[in-house]
Structures are given as structure tokens and as C-alpha cells.
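See structure below.
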Amino acid sequence: MSTETYLPPGLPIPVPESDGLSKPYWSGLQESRLQVQRCGGCGTWQFGPEWLCHRCHRFDPEWVEVAPRGRIYSWERVWHPVHPCLKGAGPYLVVLVELPQAGGVRMLGNLLGDPMQEVAIGAEVEGVFEHHPQAEPPYTLMQWRCVA
1 MSTETYLPPG LPIPVPESDG LSKPYWSGLQ ESRLQVQRCG GCGTWQFGPE WLCHRCHRFD
61 PEWVEVAPRG RIYSWERVWH PVHPCLKGAG PYLVVLVELP QAGGVRMLGN LLGDPMQEVA
121 IGAEVEGVFE HHPQAEPPYT LMQWRCVA
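Just so we're aligned, residue 1 is where the sequence shown starts under the UniProt record's numbering, counting upward by one.
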């Protein structure tokens, strides 16, 4: 379990909503597993978490583990801090990753490595579980790195 972190300390700790909707996602990350929702009725994949299927409106889509691999769908190099603790930490890269194994759902994350690296739409990436066991409560982030 790596304790190396990408972003500086001081950011708000991500926690599930009070109704527990995203708890399986965050719990899965702590176990180094990426999970997204899939409807047991129509098979539609979706992310972010919802109580019902976006397609058939069936309640309680299932959480399914998927490989943390995808392709860059879009990206941005962030120069301006969006939180006080990020002052002086830029630039950094944010990517929108499409997960082919999960019906093409997309999720945001940081792209690890040189913030000035060339980024290509369609480039293959793999997930990196960034664990924060010292935080209260402990949490894990999904970061991304290009596949060589």
C-alpha cells in the first residue's frame, strides 16, 4: 500500500453522502478496487452513483468491479488553484477517462507525472490507488498514469 501522494495535504476529505449512495465506490477504492454501477435489469453502466438506472429507471443498480484501465477522453492543464492548499502546486493535469470495460462511462482524475507532459486524446491510462490511511477518516483517491 503506497503512502505517496500527488496533491498537497489540506484538501477536503472525500466522504460518502449522508445517505450512503457512494459508499461502495469509496470503500472499493480503499480495497484497491474500482467499482461502477451497472443495472441488473437492462445492463446499463453508469457513473456517478445514482439510486436508479439512467436508462430503465430500475432502483438500486449493482456495484461491479472493473479493471482500472481506460483511455483519455478529454483533459485540462490546471494553472489556477481551486483550493487554498493548491496555491503554488500548479500546474497539474486533470483527465476525463473513458472505461471501455464499463460501457464507456467516464470519470475524472489527475494524470500523474510531469504536469507539462504531452497529453493525447485516446491515450491508454491505468488507475493508481492513492491511499491516505493517516487521514481521519482514511480514504483513497483514484489517480491515473499513462501506459507506456
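Glycine included, each C-beta is placed from N, C-alpha and C at the ideal position.
*Indicate whether L96 and Y73 have their beta-carbon atoms separated by less than 7 Å.*
yes
*asked:* Let me make sure I understand the geometry here. Which of P68, E17, P8 and L52 has the alpha-carbon closest to that of Q101?
replied: P68
_Cut-off 7 Å between Cβ atoms - residues of its own chain near G109, not counting five sequence neighbours on either side_ = V95, V97, M142, Q143 and W144
*In angstroms with no decimal places, state the Cα-to-Cα distance between S2 and P61.*
For S2, the pLDDT reaches just 44, beneath the cut-off of 50, and the residue's location in the model is therefore unreliable, although a value from the coordinates is still provided. Going by the C-alpha atoms only, they are around 31 Å apart.
*In this structure, what does DSSP give as the bridge partners for G127?*
W144
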